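Report on one structure; see the data block that follows.
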Amino acid sequence: MSAQQQALDVSGYFMTTLKTFTFILTATFMWTSCRTQIKVKEEDKVFHAGPVNSGFGGIFFGLFKDNKYEFCDGDFMDAGCYTGLYNLSGDTIILLELRKHVGIPTNKFIIRRYSDMDSSYWIWKYPEHKTNWQSMRHNDTSMGSTGDIFPLDETNKIVYDRNNYFLIRLDSLQNNR
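Per the numbering used here, the very first residue in the sequence shown carries number 3; after that it's consecutive.
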């Protein structure tokens, strides 16, 4: 066998080995980086939290049966939704693997249902309306909302930004526990 033929055999072997290695590396990367997408169905929705200030776009989320959630942060053309799992403990929701979003300090939220709140809640929420908190309660309930959702900070204190919290638009959580 000539030196030239041996060189061709070695380079052919090298190319085959390189292609095999590349294929195995690519397949391994794809296999380990793939995460099963959590599927949600609208008919399984048990809770919906919409933005306090509506408009085109905005942040909102829904909770579904089997502890699944869908979180959306986008606009009219692209809702920017993704799914994950949540934990519910009392009136505290933890959205597992929640991505970073402007105005949302953590993945923990507290539910404040209007039916469970007394005057001190509206006085806290609207400190400039201490004498007419009843009208503020009426305004909140007449907007079609049944409660508020506030983010919690790292010490589990409510983060209250008047322009950046959620309104409960659908609440069947208590029926689905």
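Heads up, the beta-carbon is just placed ideally off N, CA and C, and yes, glycines get one too. Here the structure is a predicted model, which means the values were calculated and not measured.
Under the three-state reduction of DSSP output, Tyr116 falls in the helix class.
Within the same chain, Gly105 come within 8 Å of Asp163 by CB-CB distance, once the 5 residues on both sides are set aside. By the criterion of a C-beta distance shorter than 8 Å, Lys132 is surrounded in its chain by Ile125, once the five residues flanking it on both sides are discounted. Along the length of the region 116-164, whole alpha helix (DSSP H) runs at least 4 residues long occupy 121-127, 135-144, reported in chain order. DSSP places Pro107 in no beta strand (DSSP E); its state is neither H nor E. In this chain, Gly92 is not harboured by any beta strand (DSSP E), its DSSP state being neither H nor E.
Short of 6 Å from the beta carbon of Gly64, and not among the five residues preceding or following it, lie these beta carbons of its own chain, in chain order: Lys47, His50, Glu72.
Under the three-state reduction of DSSP output, Leu172 falls in the strand class. Looking at the DSSP output, Tyr71 bridges to Leu65, Gly86.
The beta carbon of Ala81 is closer than 7 Å to those of Cys74 in its chain, skipping five residues each way along the sequence. Under DSSP, Lys41 shares a beta bridge with no residue.
Taking all protein chains shown into account, Ser147 has 16 or more neighbouring C-beta atoms within 10 Å of its C-beta and is therefore buried. A straight line joining the alpha-carbon of Glu45 with that of Arg139 spans about 31 Å. The shortest C-alpha to C-alpha distance from Tyr116 to any of Thr108, Ile95, Lys127 is the one to Lys127. Under a 10 Å Cβ-count criterion, Pro153 is classified as buried, with 16 or more other Cβ atoms of the shown protein chains found around its own Cβ. Shortest Cα-Cα distance from Leu87 to any of Ser122, Pro53, Gln39 involves Gln39. Counting other Cβ atoms within 10 Å of its Cβ, Asn109 reaches 16 or more and is therefore classed as buried.
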